[in-house]
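Quick note on this note's numbering: the sequence shown kicks off at 512 and runs consecutively.
Here's the structure we're looking at; comments come further down.
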Amino acid sequence: MDNVFGQKNAGETADAMAKRVLTDARRAFGDEVEEPLLERYAHEAVASLWQESIRVKTFVPVLALREIREMLDGRGPIEVAAGVSVA
């Protein structure tokens, strides 16, 4: 029952969650984007979702990957290939 309410990840920190998201992002986008940019996006996405009052952390990785995808979609094809950041 704990898994249903997100308690399985209750002790997880934002940094640990960002590492987990980075691992997933590498699998999904590693061929398109350079490592430092993926790392930055993973930390930014988790930070935007992670609040002090966060109770259910189960969906943070899925939502963070969605945010990373949106960040990457906002870049042009040349920028993606070159790993250029347009922040």
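Every residue gets a Cβ at the ideal spot worked out from N, C-alpha and C, and that includes glycine.
For residue i, the three-state DSSP class (helix, strand or coil)
i    : result
F570 : coil
R586 : coil
E523 : coil
Neighbourhood of residue i by C-beta, 6 angstroms cutoff - its chain only, sequence neighbours within 5 removed
i    : result
I579 : A536, Y552, A556
G585 : none
Beta-carbon gap between residue i and residue j smaller than 7 angstroms
i    : j    : result
L533 : E545 : no
V567 : M528 : no
L583 : L574 : no
Same chain only: Cβ atoms within 7 angstroms of residue i, ignoring 5 sequence neighbours per side
i    : result
L576 : V532, D535, A536, A539
E623 : In the structure displayed, the chain extends from 512 to 598; residue 623 sits before or after that span and is not available.
Spatial neighbours of residue i in its chain, beta-carbon cut-off 8 angstroms, leaving aside the 5 residues before and after
i    : result
A525 : V557, A558, W561
G541 : L549
Residue ranges of each alpha helix (DSSP H) within the stretch 526 to 576, 4 or longer: 546 to 560
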